[in-house]
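Trainee: This note's numbering puts the sequence shown at residues 13 to 102.
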Amino acid sequence: MNIKPLADRVLIEPAPAETKTIGGIIIPDTAKEKPLQGIVVAAGKGTKDEEMILKEGDKVLYGKYAGTELELEGKKYLIMRQSDVVAIMG
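#1: List the endpoints of the continuous beta strand (DSSP E) containing GLY50.
#2: I'd like to confirm something about LYS60: is its beta-carbon nearer than 6 Å to some heavy atom of the ligand SAH, or not?
#3: Have a look at VAL97 and GLY50 and give me their C-alpha separation to the nearest angstrom.
#4: Return the CA-CA distance between LEU18 and GLY75, expressed in angstroms with no decimal places.
#5: Nearest to ALA55 by CA position, among ALA99, GLY102 and ARG93, is which residue?
#6: Are the CB atoms of GLU68 and VAL52 within a distance shorter than 7 Å?
#7: What's the C-alpha gap between ASP70 and LYS60?
#8: Return the CA-CA distance between LEU48 and GLU25, expressed in angstroms with no decimal places.
Now the structure itself:
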């Protein structure tokens with residue numbers, strides 16, 4: 013993949029949505045809960061006012077409606093500002 017986020021943006025690969033069954037009924041993809049965690053795939057260099065804290069490989073939590081969805085090479089990603097990330101998971 014050849015994409016480099018600019019400024020304070022990061023590219024995140026969301027964790028897969030959990031498949032749930034209720035009494036043998038499988039919930040379709042459209043009704044699945046949007047994942048709120050993922051792994052940073054690429055990060056910008058930050059801005060003069062905000063240093064880039066996140067780095068590739070960080071496992072992060074982000075807001076439910078954060079980021080812009082995009083698809084590259086058949087995989088789904090989110091691109092968002094570093095400030096939309098709420099925590100780094102250990």
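By construction, the Cβ of each residue, glycine as well, lies at the ideal position given by its N, Cα and C atoms.
For clarity, every value in this text was computed on a predicted model and none was experimentally measured.
Mentor: According to the structure shown:
#1: If you number the sequence shown from 1, residue 50 lands on position 38. Element bounds for GLY50: 49–55.
#2: Of the ligands one can find in the structure shown there are none, so the ligand SAH has no counterpart to examine.
#3: Locating residue 97 in the sequence shown gives position 85, counting from the first residue. Locating residue 50 in the sequence shown gives position 38, counting from the first residue. The straight-line gap from Cα to Cα measures roughly 10 Å.
#4: By one-based count along the sequence shown, residue 18 stands at place 6. By one-based count along the sequence shown, residue 75 stands at place 63. Distance between the alpha carbons of LEU18 and GLY75 is about 20 Å.
#5: By 1-based counting over the sequence shown, the position of residue 55 is 43. The residue with the shortest Cα to Cα distance from ALA55 is ARG93.
#6: Counted from its first residue, the sequence shown places residue 52 at position 40. Counted from its first residue, the sequence shown places residue 68 at position 56. Yes, these two residues count as a Cβ contact at 7 Å.
#7: Stepping through the sequence shown from its first residue, residue 70 is reached at position 58. Stepping through the sequence shown from its first residue, residue 60 is reached at position 48. ASP70 and LYS60: Cα-Cα distance of roughly 22 Å.
#8: What you label residue 48 is simply residue 36 of the sequence shown in a count that begins at 1. What you label residue 25 is simply residue 13 of the sequence shown in a count that begins at 1. Approximately 11 Å, taken between the alpha carbons.
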